[in-house]
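Chemist: Please see the structure below; I have some questions.
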Amino acid sequence: MKISVIGCGYLGAVHAACMASLGHEVVGVDVDERKAAALSRGEAPFFEPGLPELLTEAMATGRLSFTTDMSAVEGADVHFVCVGTPQKAGEYAADMTYVDSAFTELRPYLREGNVVAGKSTVPVGTAERLAAELEGSGAVLVWNPEFLREGFAVEDTLHPDRLVYGVAASEAGQRSVEVLDEVYATPISEGTPRLVTDYATAQLVKVAANSFLATKISFINAMAELCEATGADVTQLADAIGHDVRIGRRFLNAGLGFGGGCLPKDIRAFMARAGELGVDQALTFLREVDAINLRRRARMLDLARAELGGSVANRKVAVLGAAFKPNSDDIRDSPALDVAIQLGKESARVTLFDPEAMPNAKAKAPELGYADSIEDAVDGAELVLLLTEWKQFVEMDPKAIGELVDGRRILDGRNVLVPSEWRDAGWTYRALGRQ
Ligand code: UDX
């Protein structure tokens, strides 16, 4: 099929490359010239495992191209809208500017029988409004939320755990199901469950899923607060409750909490939308989920101050991690970078190292000190903070690192180190939610 992908960020670039690898002819459009140029050279404009290889492969087939010129979408059968919906400055609500302008710019190139597939995460009700705007264009709208995780984006797009189509209650809506089935013929043939819903349900599926995940993380982090007050161990608690298959162990890792371009802003936009719909009470609990999450960052700063005798001012603190999670260079709403910035504000001499997120971190927080390696970062440090669980941090040798620091104190913000190994090597080891 001929496909266009509008918006080539973490979602769209991966979607475009994956659709081409499934055999479709794809053009990706982005307003950012540098992004379109990098992608046209087969280079990923951000760190995502497997994406550079996939781009190179797909570009070689001649089925994938990128441009800033919207007219290139003309002739495509399906147009995927993958632009961002960031949090509005100073408000909980989502900023719909990019979605609205994508639809406005797309409109002149739509032809009879086209399908426009919305993938951006939007406030429920948006699809209904956009479908009305498309009337008379000959195209039909389908809402097709995306559930990919950064770091596993290629895998999640090629082998999704489910497909959701929110469709119009019309003949055209029925046809849009057939068209998307053709787009996703390969994952469907592999047995991927596919659910056809109305617009409202499809839009809610996405925010409900992210709210559930955020709630699960904040639940275990609330338990971590209880563990800190009682001397219990949150990792053992998570293991024990996780054996109950109704609960499950995944997404019960206590620590510095969730960040990134999705969970924080999605739960806030969901609360804002519930308010507009007059059902804000239904989501009041998400306010608590957000608050628990942010308290973990404050608690980490408390521990850092306590370890250094009450103040971090003028003390050398090594920060390991800036990305919101490993295998990503994304620093949007990153708990790790947030803690590093706060330490800097309290006049700590921060040296930060992250394997992939350094350029993004430097652009956002140029005031911090940066190191080229773990060894550089910890050299002479009086306190080490592990804030993103990159594999190389998890596998650090406490003895070797101990030779470099000026004080064997480590705070494990992700509960990924083996405490006894660090204590045996003479370190003071502390973590969130355990002794
Ligand atoms: C999330 C959803 O998982 C995905 O389905 C959706 O499409 C987009 O949002 P992503 O933002 O890539 O994906 O990250 P995810 O793996 O969900 O992690 C989110 C945050 O939660 C990270 O900061 C991570 O460190 C944190 N987290 C995750 C925990 O603190 N504990 C856990 O047990 C799991």
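Everything in the sequence shown is counted per my numbering, starting at -13 for the first residue and increasing by one. Cβ atoms here follow ideal geometry from the backbone N, Cα and C, with glycine treated the same way.
According to DSSP, which residues form a beta bridge with A80?
Modeler: DSSP output for A80 lists Q73 as bridge partner(s).
Chemist: What's the call for S57, buried or exposed, on a 16-neighbour Cβ count within 10 Å?
Modeler: It counts as exposed.
Chemist: Taking the alpha-carbon of M344 as reference, which of P312, A194 and S333 has the nearest alpha-carbon?
Modeler: Ranking P312, A194 and S333 by Cα distance to M344 puts P312 first.
Chemist: Taking three-plus beta-carbon pairs below 8 Å as touching, is the stretch 238 to 247 in contact with the stretch 317 to 336?
Modeler: Segments in contact, yes.
Chemist: Write down every uninterrupted run of the alpha helix (DSSP H) in the stretch 160 to 229 whose length is 4 residues or greater and which is fully enclosed by it, in chain order.
Modeler: You should have 171 to 175, 185 to 216 and 220 to 228.
Chemist: Give a single yes or no on whether C68 has its beta carbon closer than 7 Å to a heavy atom of the ligand UDX.
Modeler: No.
Chemist: Suppose contacts are defined by Cβ-Cβ distances below 8 Å. Is A304 in contact with L403 by that definition?
Modeler: Result no, Cβ atoms of A304 and L403 do not sit closer than 8 Å.
Chemist: Expressed to the nearest angstrom, what Euclidean distance is found between the alpha-carbon atoms of E342 and D358?
Modeler: Cα to Cα, E342 sits roughly 11 Å from D358.
Chemist: Return the chain-ordered list of same chain residues with a C-beta closer than 8 Å to the C-beta of V163, the five sequence neighbours on each side being excluded.
Modeler: Counting only Cβ-Cβ distances below 8 Å, and skipping sequence neighbours, we find V128, Y151, V153 and V182.
Chemist: My parser needs the beta strand (DSSP E) runs of 3 or more residues fully inside the stretch 390 to 417; what are they?
Modeler: As far as the stretch 390 to 417 is concerned, its whole beta strand (DSSP E) runs of at least 3 residues are 395 to 398 and 414 to 417.
Chemist: Closest to Y170 by C-alpha separation, out of T53, A103 and L190, would be which residue?
Modeler: Checking every option, the nearest Cα to that of Y170 belongs to A103.
Chemist: Quick check: does the Cβ of N346 come within less than 7 Å of any heavy atom belonging to the ligand UDX?
Modeler: Checking the Cβ of N346 against the ligand UDX gives no.
Chemist: If you draw a straight line from the alpha carbon of Y95 to that of A62, how long is it in whole angstroms?
Modeler: Looking at the two C-alpha atoms, the distance is approximately 9 Å.
Chemist: Counting only the same chain and skipping the five closest in sequence on each side, list residues whose C-beta sits under 6 Å from that of E462.
Modeler: In the structure as shown, the chain starts at -13 and stops at 421, and residue 462 therefore has no counterpart that could be examined.
Chemist: From the DSSP secondary-structure annotation, give me the bridge partner or partners of L372.
Modeler: L372 is bridged to L306 and D398.
Chemist: Given 7 Å as the limit, tell me if A195 has its C-beta closer than that to any heavy atom belonging to the ligand UDX.
Modeler: Yes, since a heavy atom of the ligand UDX falls inside the 7 Å radius drawn around the Cβ of A195.
Chemist: What are the complete alpha helix (DSSP H) segments, minimum 4 residues, inside the stretch 308 to 338?
Modeler: 321 to 331, all fully within the stretch 308 to 338.
Chemist: May I ask you to check if the CB of K350 is nearer than 7 Å to at least one heavy atom of the ligand UDX?
Modeler: The answer is no for K350.
Chemist: Can you give the Cα-Cα distance for F422 and N300, rounded to whole angstroms?
Modeler: Any answer about residue 422 is impossible in this case: the structure gives the chain only from -13 up to 421.
Chemist: Have a look at K202, L50 and L116 and flag the residue whose alpha-carbon is nearest the alpha-carbon of R232.
Modeler: Of K202, L50 and L116, the residue nearest in Cα terms is K202.
Chemist: Could you tell me which uninterrupted alpha helix (DSSP H) segments, each at least 4 residues in length, are contained entirely in the stretch 108 to 139, listed from first to last along the chain?
Modeler: Taking only runs of at least 4 residues, the alpha helix (DSSP H) segments lying wholly in the stretch 108 to 139 are 112 to 120.
Chemist: Given a cut-off of 8 Å, decide if F52 and D315 are closer than it, judged by their beta-carbon atoms.
Modeler: Not in contact: D315 and F52 (Cβ atoms no closer than 8 Å).
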